[in-house]
Every structure is written in C-alpha cells, then in structure tokens.
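Participant: The following block contains the structure, expressed as structure tokens.
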Amino acid sequence: MPNAEFRRRSRGQASRLRWLLVGAVFIAGVILWLLGVTWGGALPGLALVGFVVAAWLDVKPEGGHVHDTGLSAYGVAEPPRIEPDDS
C-alpha cells in the first residue's frame with residue numbers, strides 16, 4: 000500500500016509556490032541591497048533568471064521531444080510545407 004502522506008503537489012500549486020519563492024528572493028535582495036548589504040544586489044539578478052525559468056516551466060512543451068510543434072495532439076503529423084508550384 001502506498002504511503003498516503005507523500006503526495007506530489009498539483010501543477011497549479013507547484014507553479015504558485017515557484018512564483019512566490021522567486022518573488023520573495025527578488026524582494027529580499029532589494030531590501031538587503033537597500034540596507035547596505037552589497038551581495039544583496041545579486042539576489043534580484045538571480046531572481047530574474049528564476050523568473051525566466053519559472054515561466055518556461057509553466058509553458059514548456061509536453062510532447063517529450065525538443066522539436067515537437069504541438070500539432071500532433073490535434074492529429075496533424077507535421078506543419079504544412081509551402082513548396083513552389085512546378086506547373
């Protein structure tokens with residue numbers, strides 16, 4: 000029987016937690032920098048990288064392949080190609 004106490008967070012909860020943590024690091028870095036802690040100025044920069052990573056994790060492709068266009072979910076094998084007319 001699986002351990003009922005171990006549960007994965009739902010995608011929405013994980014995303015919200017990720018955004019809250021990155022936002023908290025950004026705000027903490029600004030506050031530390033304003034208080035005169037020089038390395039605190041690096042935290043907002045790291046948080047900006049975290050914002051990009053968090054955004055990508057929210058919209059990353061789920062197809063399992065790097066070049067997946069997402070069209071296969073709609074029954075389209077690959078995007079249409081425009082070729083010159085030879086007539």
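Just so we're aligned: 65 in numbering that gives the first Met the number 0 is position 66 of the sequence shown, and the numbers increase by one with no gaps anywhere. Cβ atoms here follow ideal geometry from the backbone N, Cα and C, with glycine treated the same way.
1) Please identify the residue among 35, 50, 40 whose C-alpha is closest to the C-alpha of residue 18.
2) Using DSSP with H/G/I as helix, E/B as strand and the rest coil, what is residue 81?
3) Just confirm the distance between the C-beta atoms of residue 45 and residue 24, as a whole number of angstroms; I'd bet it's less than 8 Å.
4) Which residue comes first and which comes last in the alpha helix (DSSP H) that contains residue 44?
5) Does the Cβ of residue 42 have 16 or more other Cβ atoms within 10 Å, making it buried, or fewer, making it exposed?
6) With a cut-off of 8 Å, does the C-beta of residue 51 fall near any C-beta of chain B?
7) Put residue 35 into one of helix, strand or coil per three-state DSSP.
Facilitator: From the atom records:
1) The shortest C-alpha to C-alpha distance from residue 18 to any of 35, 50, 40 is the one to 50.
2) Looking at residue 81 - three-state DSSP - the assignment turns out to be coil, as it is neither helix nor strand.
3) Sure, about 7 Å apart at Cβ, within 8 Å.
4) First-last of the alpha helix (DSSP H) with residue 44: 41 to 58.
5) Counting the other CB atoms within 10 Å of its CB gives residue 42 a total of 16 or more, which places it among the buried residues.
6) The chain labelled as chain B is not found in the depicted structure, where only one protein chain is given.
7) In this structure, residue 35 counts as coil in the three-state DSSP scheme.
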